[in-house]
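According to my numbering, the residues represented by the sequence shown are 204 to 356, in order.
What follows is a short report on a single structure.
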Amino acid sequence: MQCHCDSGQRFSDCCQPFLDGRLTAPTPLALMRSRYSAYRLGLGDYLVHTWHPDTLGELNAATLSESGRNTEWLGLAIVFARGGCADSEGEVEFRVRYRENGRVVLLHERSRFVRHEGRWVYHSGQFNPSKIGPNQPCPCHSGKKYKQCCGRR
204 MQCHCDSGQR
214 FSDCCQPFLD
224 GRLTAPTPLA
234 LMRSRYSAYR
244 LGLGDYLVHT
254 WHPDTLGELN
264 AATLSESGRN
274 TEWLGLAIVF
284 ARGGCADSEG
294 EVEFRVRYRE
304 NGRVVLLHER
314 SRFVRHEGRW
324 VYHSGQFNPS
334 KIGPNQPCPC
344 HSGKKYKQCC
354 GRR
């Protein structure tokens, strides 16, 4: 079965080991993909566990599970990601499409991830981040211009 995160990989080789708790996500991108899969599957406990406690607020596993199960998820597209195994902070910019009240909605967010107690967690996000021009530096910090790096995807 294909993974719910639209990576093109098999679920068992992609997000399932993270969702089952057998592994922790090694990068912000892997965590982002697994969190999207968790939303699609209604796994609120996983979402709470991978959310920084300082920014979780009033959200709880039951609310997140219900929200995920009651949404018709249509797809995830990654714009760019930065942060690796040795980093303490990272970002993932993504677009998610879902259907709400009969119409398709696009959620565009640049999410911030940090290490908390030795593992990656979602910290916060900026909705509809400002557009990156083709001649601007790539936000993934590669040193290349955006159009020659993440803008080519």
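Ideal Cβ placement from N, Cα and C applies to all residues, glycine included.
Here the structure is a predicted model, which means the values were calculated and not measured.
- For residue 213, the closest alpha carbon among the candidates 328, 224, 236, 326 is that of 236.
- Around the Cβ of residue 298, a 10 Å sphere holds fewer than 16 other Cβ atoms; the residue is exposed.
- Taking a contact as a CB-CB distance under 8 Å, the pair residue 324 and residue 254 counts as one, their CB atoms being some 6 Å apart.
- In the DSSP assignment, residue 219 falls within the alpha helix (DSSP H) that extends over 219–222.
- Taking the C-beta atoms as reference points, residue 206 is found no nearer than 9 Å to residue 282.
- As the crow flies, the alpha-carbon of residue 279 is around 14 Å from that of residue 271.
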